[in-house]
Amino acid sequence: MNLDNVYKRLLDQLKTGVLLLDENLRPSYLNLAAEALFEISGKQAPKMVLGDVLLDAQEDIDEIRQALINQTSFTKHEATFRLPTGKSITVDYTINFIEESGHPQILMEVNSLYYSQRISKDEAILSTQATTRELVRGLAHEIKNPLGGIRGAAQLLADELPNEELTDYTNVIIEEADRLRNLVDRLVGAKKLPVMKLVNIHEVLERVTSLIEAEENNKTIELVKDYDPSIPSFMGDPEQLIQAILNIVRNAVQAMDSPAVDHDLGKILLRTRIARQVTIGNTLHRLVVRVEIEDNGPGIPAQITDTLFYPMISGRAEGSGLGLSIAQSIINQHGGIIECNSEPGSTIFSITIPLSDGNQD
Ligand SMILES: Nc1ncnc2c1ncn2[C@@H]1O[C@H](COP(=O)(O)OP(=O)(O)OP(=O)(O)O)[C@@H](O)[C@H]1O
Ligand SMILES: [Mg+2]
């Protein structure tokens with residue numbers, strides 16, 4: 023057996039990217055993981071220098087050159103590189119000086135952090151939500167009890183009042199108590215347990231778009247649909263899913279009204295896809311459905327990006343800040359998660375829901 027082939031096969035099995043750089047920092051060898059990570063083929067690589075693979079990375083490249091000259095090694099954590107394809111990657115890497123047949127070389131080992139970062143982000147989102155929900159539930163209970171008492175007392179008082187006109191005041195107390203109760207109920211979220219049945223995600227989206235179209239009679243917003251028709255039905259509560267997605271689409275419509283939008287045509291894209299081997303929290307799902315709602319509005323205001331899904335966080339003067347928090351708890355009840363990526367001109371809310379095993383084809 024040819025030992026070179028065995029080593030090559032072993033290197034190609036690794037999840038760690040391995041790059042060999044010659045004395046001019048030209049990649050003379052890449053294993054498969056490095057080819058995938060840097061999005062170049064082993065054939066192209068020897069014609070490139072490291073600066074062609076990692077753009078705007080002069081500082082890192084200088085340090086690597088220094089390691090070659092001084093015959094040293096080092097490790098760097100969470101380095102971000104821009105690739106010629108435009109993609110950014112965040113990696114940990116180790117530089118080792120080696121000498122082969124009198125030629126100084128650099129062995130670079132690279133681990134992508136995309137996967138581990140995504141997991142910790144999901145966990146952070148889920149645990150923050152659980153904490154907020156507990157807090158809001160406790161607070162809601164404390165508010166509703168005395169509120170019931172205030173309302174009841176105002177009603178008794180109204181019956182005893184000698185003068186009919188004075189009931190205007192007790193009516194204010196009753197109406198305001200009802201308004202507060204309503205707000206608290208919305209804060210706590212859906213009281214009903216979800217009623218699970220087989221759901222076709224596209225029927226849900228069609229309901230949402232027809233509701234939006236009915237609300238939006240000025241037609242300055244174009245709704246574009248990009249559906250994957252092969253997505254199987256799954257167990258879910260269609261009414262609640264409509265509510266969750268409606269809240270997100272409505273936000274996009276409202277964002278388009280902002281004076282910061284510098285184009286005439288607002289566009290909202292609804293995209294559905296299947297994805298495989300996706301981790302939510304720390305559970306790996308074989309198959310998930312992904313619904314993306316993308317708009318070309320002004321983007322999420324910077325000051326609320328970290329707390330976007332919290333209740334009562336709003337960037338609109340007339341907003342109550344509950345839409346996204348309700349949407350997130352509905353999607354959580356379906357075992358899924360909502361994430362958001364936003365910049366001016368492109369805001370994408372991405373809903374991921376696991377497809378339970380029983381319903382996969
Ligand atoms: N697509 C979007 N583009 C820009 N900003 C957005 C978008 N979606 C949400 N936001 C921002 O996030 C905030 C929170 O949204 P959320 O739906 O939770 O509350 P709200 O819309 O303010 O009030 P409510 O939905 O309860 O009426 C919004 O006020 C808005 O500033
Ligand atoms: Mg909203």
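Numbering (my numbering), first residue to last: 23 to 383. Built from N, CA and C at the ideal position, the CB exists for glycine as well.
For residue j and residue i, believed in contact at Cβ under 8 Å, the rounded distance
| i | j | result |
| --- | --- | --- |
| Leu72 | Leu54 | At roughly 19 Å, the Cβ-Cβ gap does not stay under 8 Å, so Leu72 and Leu54 are not in contact. |
| Leu291 | Asp248 | 6 Å |
| Pro399 | Pro323 | It is not possible to answer for residue 399, since the shown part of the chain is limited to 23 through 383. |
| Ile352 | Thr294 | 17 Å between Cβ atoms; not a contact. |
| Ser255 | Val221 | 6 Å |
| Leu346 | Leu330 | 6 Å |
| Pro106 | Asp74 | 7 Å |
| Thr374 | Arg312 | 5 Å |
| Ile359 | Ala349 | Their Cβ separation, rounded to whole angstroms, is 11 Å, which puts Ile359 and Ala349 out of contact at 8 Å. |
Closer than 6 Å: residue i CB and nearest ligand 2 heavy atom
| i | result |
| --- | --- |
| Gly345 | yes |
| Asn133 | no |
| Asn273 | yes |
Cβ shell of residue i (< 8 Å), same chain only, five flanking positions each side left out
| i | result |
| --- | --- |
| Tyr115 | Thr97, Lys98, Ala101, Met130, Glu131, Val132, Asn133 |
| Ile165 | Leu202, Val206 |
| Glu238 | Val275 |
| Asn381 | Low confidence applies here, because Asn381 scores a pLDDT of 36, under 50, leaving its location unreliable and the question unanswered by this model. |
| Ala89 | Ser95, Phe96, Ile117, Phe119, Ile128 |
| Glu145 | Gly303, Asn304 |
| Asn193 | Ala180 |
| Ser336 | Ile326, Ser342, Gly343 |
| Gly64 | Tyr51, Leu52, Glu57 |
Close-in-space but distant-in-sequence residues of the same chain around residue i (CB under 7 Å, 5 per side omitted)
| i | result |
| --- | --- |
| Asp259 | Pro216, Val217, Met218 |
| Leu233 | Leu268 |
| Ile91 | none |
| Pro59 | Contrary to the premise, residue 59 reads as Leu rather than Pro in this sequence. If we look at Leu59 and ignore the five residues flanking it on each side, its Cβ neighbours are Gly39, Ile111, Val132, Ser134. |
| Asn167 | none |
| Asp379 | Bear in mind that the predicted position of Asp379 carries a pLDDT of just 49, short of 50, making it too unreliable to give a figure here. |
Residue i CB to nearest heavy atom of ligand 1 below 6 Å
| i | result |
| --- | --- |
| Ala266 | no |
| Arg48 | no |
| Ile223 | no |
| Arg338 | yes |
| Gly319 | yes |
| Ala324 | no |
| Ala277 | yes |
| Ser368 | no |
| Ser342 | yes |
Buried versus exposed call for residue i [16 or more other C-beta atoms within 10 Å across all chains shown]
| i | result |
| --- | --- |
| Thr154 | buried |
| Ile120 | exposed |
| Arg173 | buried |
| Ala67 | buried |
| Asp383 | Any reading at Asp383 must be qualified, since the residue scores a pLDDT of 35, below 50, and its modelled position is unreliable; the value itself is stated next. Flag for Asp383 reads exposed. |
| Asn363 | exposed |
| Pro251 | exposed |
| Glu244 | exposed |
| His356 | buried |
| Val4 | Absent from the structure is residue 4, since the part of the chain shown begins at 23 and ends at 383. |
| Asn304 | exposed |
| Val246 | exposed |
| Gln262 | buried |
| Pro376 | buried |
Neighbourhood of residue i by C-beta, 6 Å cutoff - its chain only, sequence neighbours within 5 removed
| i | result |
| --- | --- |
| Tyr51 | Leu42 |
| Met334 | Gly343 |
| Leu157 | none |
| Val283 | Gly319, Pro320 |
| Ala79 | Phe103 |
| Leu227 | Leu292 |
| Asp317 | Ala274, Ile290, Thr369 |
| Leu148 | Gly303 |
| Glu85 | none |
| Ser280 | Pro320 |
> Where in the segment 44-91 do unbroken runs of the beta strand (DSSP E), each at least 3 residues long, occur, reported from the N-terminal end onward?
Replying inline: 49-52
>> Going residue by residue through the segment 229-278, where are the continuous beta strand (DSSP E) segments of at least 3 residues, counting only ones entirely within it?
In response: 243-248, 256-258
> Whole alpha helix (DSSP H) runs in the segment 295-377 with 4 or more residues, listed along the chain?
Replying inline: 345-355
>> If we require 4 or more residues per run, which alpha helix (DSSP H) segments fall completely within the segment 133-221?
In response: Listed in chain order, the complete alpha helix (DSSP H) runs (minimum 4 residues) inside the segment 133-221 are 136-182, 189-210.
> What residue ranges within the segment 86-130 form continuous beta strand (DSSP E) runs of no fewer than 3 residues, ordered along the chain?
Replying inline: 96-104, 110-122
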